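Accompanying notes for the structure given below.
Given below as structure tokens:
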């Protein structure tokens, strides 16, 4: 059965304290691994798509990496505005299956 | 990137009634989807909206409860029928041009059934 699992469920960071979020997946017919940011009361905001193991993408303080079984979202020197829920999703034949998300809170 | 507009952004409805949610994309897209996000939970795919034909529903979702229309490549509607409090959720529209491209989301419709 296809499954996407994110850890930890919640993460509290001091400003400047780097950390990583994990997304493990078992999905047949994987076409890509997506990362989104979701702020309260809003729809998911697209961050990255990774298509093959070894691929890396960066955007400001965020860096996403992909292996054959998992993806990591690294947050380097986070700021309070990075506080959000981060969702990963596996693309299986065009449909996205989402993990439960990691809620990140960055305090000054 | 596609810009997706949903209407209404929120609504409070009486149980037993129906609500139709509209999704408008600012460009033609091949694929449109409807998701549900229950309070404190992640997104669950309801169905794929197919242009000119019946939607494809995921396990646990049926057409009688969630009828979907997609008359063209930029517009879709989702109706939540005969609502109960358990239908209180955020409903999200998503669009992508094709597989191996980004998938974008609308801001969501927050539905409360009383």
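Protein chains in written order, with the working numbering: chain A, 4 to 111; chain B, 710 to 823. For glycine and all other residues, C-beta sits at the position ideal for the given N, C-alpha and C. Since the structure is predicted, the reported quantities are computational estimates derived from the model, not experimental observations.
Interface flag for residue 90 of chain A against chain B is set, since a Cβ pair is found closer than 8 angstroms. The C-beta of residue 33 of chain A comes no closer than 8 angstroms to any C-beta of chain B.
In terms of CA proximity to residue 718 of chain B, B:818 leads the group B:729, B:818 and B:764. A straight-line Cα-Cα distance of about 12 angstroms links residue 109 of chain A and residue 79 of chain A.
Around residue 81 of chain A, the same chain offers 16, 18, 19, 20, 21, 22, 64, 107 and 109 as residues with beta carbons nearer than 8 angstroms, after the five sequence neighbours per side are excluded.
Inside the stretch 748 to 795 of chain B, DSSP marks no whole alpha helix (DSSP H) run of 4 or more residues. When the five nearest sequence neighbours on each side are left out, the beta carbons in the same chain lying within less than 7 angstroms of the beta carbon of residue 35 of chain A are those of 52, 53, 54 and 94, in order along the chain. The stretch 736 to 756 of chain B makes contact with the stretch 799 to 807 of chain B, as at least three CB pairs between them are under 8 angstroms. Neighbours of residue 47 of chain A across chain B, judged by C-beta separation under 7 angstroms: 814.
Under the DSSP definition of a beta bridge, residue 745 of chain B partners with B:753 and B:800. Annotation for residue 89 of chain A: the continuous beta strand (DSSP E) segment containing it runs 87 to 95. Membership of residue 106 of chain A in the beta strand (DSSP E) is indicated by the continuous run 105 to 110.
Identification of chain A residues near residue 811 of chain B by a Cβ-Cβ cut-off of 7 angstroms yields 49 and 52, ordered along the chain. Going by C-alpha positions, residue 75 of chain A is about 6 angstroms away from residue 67 of chain A.
The Cβ atoms of residue 790 of chain B and residue 777 of chain B do not sit closer than 8 angstroms to each other. Pairing residue 787 of chain B with residue 767 of chain B gives a Cβ-Cβ distance that is not under 8 angstroms. Close to chain B, meaning a Cβ-Cβ distance shorter than 8 angstroms, are the following residues of the stretch 54 to 75 of chain A: 54. Shortest Cα-Cα distance from residue 62 of chain A to any of A:56, A:8, A:39 and A:43 involves A:39. Close to residue 740 of chain B, with beta-carbon spacing below 7 angstroms, are these residues of chain A in chain order: 97. Interface annotation, residue 757 of chain B: in contact with chain A, CB-CB separation under 8 angstroms. Per DSSP, residue 823 of chain B has no beta-bridge partner at all. The C-alpha of residue 807 of chain B is placed about 13 angstroms away from the C-alpha of residue 736 of chain B.
Contact annotation: residue 728 of chain B and residue 792 of chain B have beta-carbon atoms nearer than 8 angstroms. If you look at residue 35 of chain A, you'll find it in the beta strand (DSSP E) that goes 33 to 41.
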